[in-house]
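What follows is a single structure, written as structure tokens, with notes after it.
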Amino acid sequence: MCGIVGYLGKKSAVPLILDSLRTLEYRGYDSAGIAFLDDDNLFHIYKAAGKLVNLESVLPDSTPLKSGSHIGIGHIRWATHGAANEINAHPHHGGHQEIALVHNGIIENYFEIKQELEAKGRNFISDTDTECIAQLLEQLTSEMPSDTPEQFRVVIQATLNKLVGAYALSIINKKFPNHLFAIRNHAPLVIGKGENEYLVASDAVAIISHTQELLFLKDKEIAEITPEGIRLTRLDGTPIEAVLEHVELGPLQIDKKGFKHFMLKEIYEQPDVVRNSLSGRLVSAERPIRLLPGEPKDSLKKQTLDTILKYMDRIVIVGCGTSFNAGLVGKYFIEEMVSVPVEVESAGEYRYRKPIISDKTLIVAISQSGETADTLEAVRRAAKLGGKILTITNREDSSLARESDIVLPVRAGVEISVCATKSFTAQIIVFYLLGLAMAEMRQTASESQIKELKTGLLKTPALIEAALSNPEPVQAVAKQYGNAANVLFIARGINFPVALEGALKLKEISYIHAEGYSGSELKHGPIAMLDESIPVISVLVPGVVFEKMISNCQEAKARDAQMIGITSAVIDSQKAESTFDDLLQIPESLELLSPLIATVPLQLLAYYMAEYLGKDVDQPRNLAKSVTVE
Ligand code: F6R
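Using this note's numbering, the letters of the sequence shown correspond one by one to residues 1080 to 1709.
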């Protein structure tokens, strides 16, 4: 949510900052901006509402942009305070174009600071919370000594000490053209050290093509970056050693590989994602699951993992959005296999409750990005109370991964589309592996059941391939119901979370109102809405709740709803005709594994409906991929 970039070095800053911002656009695309000092020490700020291309189009084609600037900062915005227009775009300055800064986060006491500064005669021009940081900084430079970098640093400290909230900041000051400042507090920030250059970014992917020597800032740390090195201190000025890590992270592949959108490409990557996620962990139905392949047998991590697998008597899964839905599938599966109670909590709620945690409570944090502010805070809260933290994430380099006892990477590969698809599937795979590993350790399921599930998992990539091989019926349904104003998704049992996920996908990218319900819940309220204008999309696979789902579908059909069934069952043609207007067939799998297959047509349906409606599929309005504000 918001992406920030900074550069200090010998190369031309502007093109480099723009390139890095391009890789961060998943974090927001409401506006973009850049500030830099040219070699005559003149300040330049350019901003534009909308996507980065709009900023590029307003940048003049002049020398400082191409070669004459070696220090600068850039920003792409996901609006929190103030509309998504040019004035509210970052970088912000304090009114005199001497100090500029970019910000990711929310300043909770901005209103009080603004009032105080306005009383001192300062004029605010934007509606953002960020401007109060720039104005405060400039005000304090007029009240405190600020003629040397050391003094300016003390002014920054004084400014930060007045702020309440979350911030990652990068700051430049006209007086010190060889100094770039970077600060983190509850929002991610990484510094890269290249050859004669330093880069700052919200995410390592933005700078990894320049350097793999990275310093991940911790909360309340200030970095003063100069050509001589990084000087790191705490907010109170205490010096800390700046330790760089060598991080192997492939450069971001921004290639649609012939697909019209990243979302479609990522949906079609799922068979390979499953193979990758299983690789080394589930080798054959006869061999035990290895959650951490390659880890030395006697390592501390292995011991922690063994404790988790053998002794934890309660599991609390925390996550948001799609990750929350994946967690629900995890709950159904782990409870079935291990008979341990599992709760799934919305991280934003959990973090403000009074969690009940014992030394035998396992907290499973689930997050594609590993940077979701609510999930991170929920985990911090639980860790303080003694919970063991196991994180399932697509980003091993994320803040969440760094703060966990054990990390299980989902290995989905970088997901560009804001709407999560392949990461959901990979998250579910890891929950299956976790449940199976626990069941093996504790012997809570029969050998034959475990073997059957392992065989089923190994067959999954082929089944997903089959589900993807014939998109035409899904396209036809998308077109037929593309103009609906409301859509309901229903399912039961382990596919109930799939109904929630189907509705979330549709809402996100087509802006059609959609809700997911358990089929059993329909008659407790939502059925009152039903008439011939409402499509009801039902997922029903053979198993415990199949007949119940058929009854729920008939109840909806009796209220004239448009019924679309997604099933792997062979339903008697008369029964099918009397219940469904359209039936989408999916490959048959074990009931417990069926969410992996049933999700695919729902992802495709959301995609084709949004595409039919001409929506911006990969960058839907108001959303961002990494939700770093609460
Ligand atoms: C939906 C989607 C969001 C995220 C949610 C949590 O397509 O992407 O609902 O799932 O913002 O993000 P992570 O998984 O990064 O914690």
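A virtual CB, placed ideally from N, CA and C, is assigned to each residue, including glycine.
Distances from the CB of ALA1499 to the heavy atoms of the ligand F6R include at least one below 8 Å.
The region 1228 to 1236 makes contact with the region 1248 to 1266; the number of CB pairs closer than 8 Å reaches 3 or more. Bridge pairing for LYS1272: TYR1277 [DSSP]. For LYS1090, the closest alpha carbon among the candidates SER1525, ILE1150 and VAL1132 is that of ILE1150. ASP1476 sits close to PHE1295, with the two beta carbons spaced by under 9 Å. Taken through DSSP and simplified to helix, strand or coil, VAL1679 comes out as helix. Assignment of THR1227 by DSSP, reduced to helix, strand and coil, places it in the coil class.
For THR1401, the Cβ falls inside the 8 Å cut-off from some heavy atom of the ligand F6R.
Bridge pairing for LEU1371: absent [DSSP]. The alpha-carbon of GLU1656 is positioned some 13 Å away from that of LEU1663. Using a cutoff of 8 Å, the CB of SER1657 does not count as near the ligand F6R, since none of the ligand's heavy atoms is closer than that. Counting only unbroken stretches of 4 or more residues, the alpha helix (DSSP H) elements lying wholly within the region 1592 to 1652 are 1625 to 1636, in sequence order. In the DSSP assignment, ARG1459 falls within the alpha helix (DSSP H) that extends over 1452 to 1463. Residue environment analysis places GLY1598 among the buried positions, since at least 16 neighbouring C-beta atoms fall within 10 angstroms of its C-beta. The alpha carbon of ASN1164 has as its nearest neighbour, out of GLN1641, ILE1588 and GLY1112, the alpha carbon of GLY1112. If you check the C-beta of LYS1584 against the ligand F6R, you find a heavy atom less than 8 Å away. Of the heavy atoms belonging to the ligand F6R, at least one sits nearer than 8 Å to the Cβ of SER1705.
For GLU1690, the closest alpha carbon among the candidates MET1628, VAL1624, ASN1562 and THR1454 is that of ASN1562. Listed as beta-bridge partners of TYR1390 by DSSP are no residues whatsoever. Counted as a single uninterrupted DSSP element, the beta strand (DSSP E) harbouring PRO1488 occupies residues 1485 to 1488. In this structure, ALA1685 lies away from TYR1108, with their beta-carbon atoms at least 9 Å apart. Inter-residue distance for VAL1623 and LEU1669 is about 11 Å (C-alpha atoms, whole angstroms).
Annotated as proximal: PRO1614 and GLN1641, with beta-carbon spacing under 9 Å.
Taking non-hydrogen atoms of the ligand F6R into account, the C-beta of SER1148 is found less than 8 Å away from none of them. Distances from the CB of ILE1445 to the heavy atoms of the ligand F6R include at least one below 8 Å. Contact check for VAL1489 against SER1502 passes: the beta carbons are separated by less than 9 Å. Per the C-alpha coordinates, the member of LEU1547, VAL1397, VAL1553 and TYR1390 positioned closest to THR1523 is TYR1390. For the pair LYS1336 and GLU1217, the Cα-to-Cα distance works out to about 48 Å.
Here ALA1505 is near SER1356, since their CB atoms are less than 9 Å apart. Not one heavy atom of the ligand F6R lies closer than 8 Å to the C-beta of SER1425. Per DSSP, the continuous alpha helix (DSSP H) segment holding TYR1411 begins and ends at 1400 to 1417. For LYS1126, no alpha helix (DSSP H) encloses it; the enclosing beta strand (DSSP E) starts and ends at 1122 to 1128.
The region 1283 to 1348 is shown to contain whole alpha helix (DSSP H) runs of 4 or more residues at 1341 to 1347, in chain order. Uninterrupted alpha helix (DSSP H) stretches at least 4 residues long and entirely within the region 1526 to 1575 occur at 1526 to 1547 and 1551 to 1560, given in chain order. Proximity of the region 1208 to 1228 to the region 1168 to 1183 meets the contact definition, three or more beta-carbon pairs being nearer than 8 Å.
It is roughly 15 Å from the alpha-carbon of THR1401 to the alpha-carbon of ALA1452.
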